[in-house]
Amino acid sequence: MSPAGAGPPAVRLEDIHHRFAGSGGGVGSLDLEVSSGEVVAILGPNGSGKTTLLRLLSTQLTPQSGRLSLLGSPADPPTAALRRRIAFAADEAIHIDALTGEENLRFFQALRGMAGLGRPEAEAGTDWMHVFGLASVADRPVSEYSFGMCRKLLLAEALSARPRLLLLDEPSVGLDPDGVTALEEGVAACARDGGAVVLASNEIRETPFWAHRILFLHAGQVVASGAPEELVARFGGRTRVEIHLDSTNVTPGHLSQIRALEGVENVGVEGDRLEAESSMGSRLLPELIRYLVDAGLEVRTVHLRHPGLDDVFQALTGTRLQPALRPSEEGPVQGRPHPVPK
Amino acid sequence: MIAPIAWMEWTRARRRPRLFFLNLAIPLILVLPLTLGAAPAFHAAAVYTVLFALFGTMGAAIPLLRDQEAALLNRIGLTGYSARRQLLERVVLGMGLDFIQLLPSLVVILALGAGRAGDWLLAPLVLGLALLFANLVGIWIAAVARSLAEGALFAAVVTLFLLHGSGVFRTPAPEGWGARLEILIPYGPLHSVLLDVSAGMSGTSPNFSAAPAVLTALVLLLITVGLGGPLTRRLTSNGG
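Protein chains in written order, with the working numbering: chain A, 1 to 342; chain B, 343 to 582.
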């Protein structure tokens, strides 16, 4: 899946260590390689070291120890030429309020030596303004922009730099669905163009779709790395089935019978809620529901939750990246309630 | 675009007409009562010089600290733009903007004063020199300060110290190191010309020569631009 490019990796970290005095936050003993054209998502809870890692990759921080190579050359000290090939969209959208959106974009392009300020003809940046839906407000001062518009402008600026290394910190924060789609398009375009993309997020439900590889960070250490499907298959556990019944009359005999069904594991009941784990995914459901109906236990709703990256993270660290989903957010595929007709 | 930082600062100034007008009007409001009243020339000239020097120093330090606190300096640094060029553009543009905003006040002083015809040429030149120096000092102050409040405080203290060193607050030039220091600080020539204009006579400062002060400003400019990398690193690390 990973489109590893030829030549040296875009990012190479060897035993990188950078800890902040006092808080103890940061990263330690970190090894990582990212190829050209590859999209790597770093997932981890707050304080896990994601932003520190991005700041190291953006050359904003110098590692306390270890070797950091970016785009084939050592990153310490960072040269102007190296920095011009890296774009970092931080979690905070910093702009010059008095300038318009387009002027901001042109200004940051000019700092990179890319564009002549005031040139009337359309340039690469304008395309990204269109993609992010900012074309109609491009001539308005940024002081009039909403938070989400500022985030979009920041991403348009980063993408218009045509970076060889694109760094995104919490990129989907503040974006509407169209913005998320534009971001996904931008990430894909950058990778297609041979750029490496490293993004950090704790928005676990969206990130995996963009990434060739997931890197779980916990307390500044990599706890797992791999393709999303591979990680889920290795560490994600089983599909969970939650069935709400019309009555609370589930007897130990019922539970024994359910346990005897093929693919059922770890059955439990609490009030009117029956929970089980399935080693067969959703294929367990027909037989299970047939048994319940035959046993006179009327089924109100069935929720099926396939293992996801959050389960992987929980399995590896014992903590969840995000609050557990409520039943109303779950479902057969992405989490919709799935009422079973009686 | 040859100078994006200067372009950005200039556009910012144009887009804030109220601030631009206040920066132009407030010095005038301070200068007019002195020029129209019967303020003793020595006091009037000292006040003008203090006003112009503080205007230049704070006008350089405060925007830089504001950009530092907004993390804009950090963002600019990550684009790979030359730190030296950035500082040079900020100094030149800052000096230019200060000059434009102080020029009406200077014209009032010259018009209502009783200087020689040559003062009309000399006064803008020494004002430009003083503002160049003040802007450079402002950059160093911003590099040392850790907040806007600290920047304002340091700017006031350092400027008053330099003004004192340049002889603005005393009548006769002292002997010894004080005299040598006096001619090196670019506020001295400005004060000297303003004193001549206010006193209505020439030659108030018989040893007037702007050459050492020009040299000081140029050396400080070279040092500041030469140390552009460490200075901007210091500025960005202060602001986080």
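Beta carbons are placed, not taken as given, at the ideal position from N, Cα and C, and that holds for glycine.
Being a predicted model, the structure only gives us computed values, none of them experimental.
Which two residues bound the contiguous alpha helix (DSSP H) that contains Ala345 of chain A? Look at the range of chain A in this structure, 1 to 342, and you will see that residue 345 of chain A is not part of it.
CB contact below 8 Å: Asn416 of chain B versus chain A: yes
So, helix, strand or coil for Gln221 of chain A, using DSSP? strand
Going by alpha carbons, who is nearest to Val173 of chain A out of A:Leu159, A:Ala158, A:Ala191 and A:Gly148? Checking every option, the nearest Cα to that of Val173 of chain A belongs to A:Gly148.
As assigned by DSSP and simplified to three states, the class of Arg290 of chain A: helix
May I ask you to report which of helix, strand or coil DSSP gives Glu298 of chain A? coil
I'd like to know whether the C-beta atoms of Leu165 of chain A and Arg67 of chain A end up nearer to each other than 8 Å. no
Given that a residue counts as buried once 16 or more other Cβ atoms are within 10 Å of its Cβ, and exposed if not, what is Glu121 of chain A? Bear in mind that a pLDDT of 40 at Glu121 of chain A, under 50, signals an unreliable position, so the model cannot answer this.
Contacting residues, own chain, Cβ-Cβ under 6 Å from Arg354 of chain B (five flanking each side not counted): none
Nearest by alpha-carbon distance to Asn365 of chain B: which of B:Gly509, B:Met400, B:Ile347 and B:His533 is it? B:Met400
Per-residue burial, Thr317 of chain A [other beta carbons within 10 Å of its own, 16 or more giving buried]: buried
Hey, would you say Val142 of chain A sits closer than 8 Å to Leu159 of chain A, going by beta carbons? No, the pair does not count as a contact, with Cβ atoms beyond the cut-off.
State buried or exposed for Asn46 of chain A, treating a residue as buried only when at least 16 other CB atoms are found within 10 Å of its CB. exposed
Taking only three categories from DSSP, how would you classify Arg85 of chain A? Coil at Arg85 of chain A, not helix or strand.
Within 10 angstroms of the Cβ of Glu265 of chain A, are there 16 or more other Cβ atoms? Answer buried if so, exposed if not. exposed
Tell me which residue opens and which closes the alpha helix (DSSP H) that Arg151 of chain A is part of. Phe147 to Ser160
List the residues of chain A whose Cβ lies closer than 8 Å to the Cβ of Arg432 of chain B, in chain order. By Cβ distance, chain A contributes nothing, its closest Cβ being about 14 Å from Arg432 of chain B, past 8 Å.
Assess contact between the segment 72-82 of chain A and the segment 346-353 of chain B, defined as three or more Cβ pairs (one per stretch) separated by less than 8 Å. Is contact present? no
If you compare alpha carbons, which of B:Val479, B:Leu454 and B:Leu445 is closest to Ala468 of chain B? It is worth fixing the name first, because residue 468 of chain B is Val in this sequence and not Ala. For Val468 of chain B, the nearest C-alpha among the options comes from B:Leu445.
Three-way DSSP call (helix, strand, coil) for Thr239 of chain A in this model: In the structure shown, Thr239 of chain A sits in a strand (DSSP, three-state: E or B).
Starting from the beta carbon of Pro346 of chain B, find every residue of chain A whose beta carbon is closer than 8 Å, and list them in chain order. Phe107, Ala110, Leu111 and Leu117
Which first and last residues belong to the beta strand (DSSP E) in which Asn266 of chain A is found? Going by DSSP, Asn266 of chain A is part of the beta strand (DSSP E) stretching over Val264 to Glu270.
Okay, do the segment 447-461 of chain B and the segment 364-378 of chain B touch, 3+ Cβ pairs below 8 Å being the bar? yes
Output needed for Glu102 of chain A: all residues of its chain with C-beta closer than 6 Å, excluding positions within five of it in sequence on either side, in chain order. Ala138
Checking contacts by CB at 8 Å: is Ala484 of chain B closer than that to chain A? no
Would Trp482 of chain B be called buried (16 or more neighbouring beta carbons within 10 Å of its own) or exposed? buried
Kindly list, in the order they appear in chain B, the residues whose Cβ is closer than 9 Å to that of Gln60 of chain A. Asn416, Gly419, Leu420 and Thr578
Counted within 10 angstroms of its Cβ, other Cβ atoms place Leu560 of chain B as buried (16 or more) or exposed: exposed
Proximity winner among A:Ala260, A:Gly28, A:Leu105 and A:Leu297, relative to Ser65 of chain A (alpha-carbon distances): A:Gly28
In chain A, what lies closer than 8 Å to Ser424 of chain B by C-beta? Ala80
Quick test of the definition: if touching needs 3 or more C-beta pairs under 8 Å, does the segment 380-388 of chain B touch the segment 460-479 of chain B? no
Residue span of the beta strand (DSSP E) that contains Gly26 of chain A, given as start and end: Looking at the DSSP string, the run of the beta strand (DSSP E) that includes Gly26 of chain A is Gly26 to Val34.
Using the C-alpha atoms, what's the distance from Ser540 of chain B back to Gly455 of chain B? 5 Å
So the candidates are A:Glu92, A:Leu99, A:Ala161 and A:Ala224; which of them puts its Cα closest to the Cα of Leu30 of chain A? A:Ala224
Below-8 Å beta-carbon distance, Pro327 of chain A vs any chain B residue: Only weak support is given to the placement of Pro327 of chain A: the predicted model assigns it a pLDDT of 40, under 50, and the value that follows is read from those uncertain coordinates. No, Pro327 of chain A lies away from the interface with chain B (no Cβ there is under 8 Å from its Cβ).
Pro307 of chain A and Gly263 of chain A closer than 8 Å at C-beta: Against a cut-off of 8 Å, the Cβ pair of Gly263 of chain A and Pro307 of chain A comes out as no contact.
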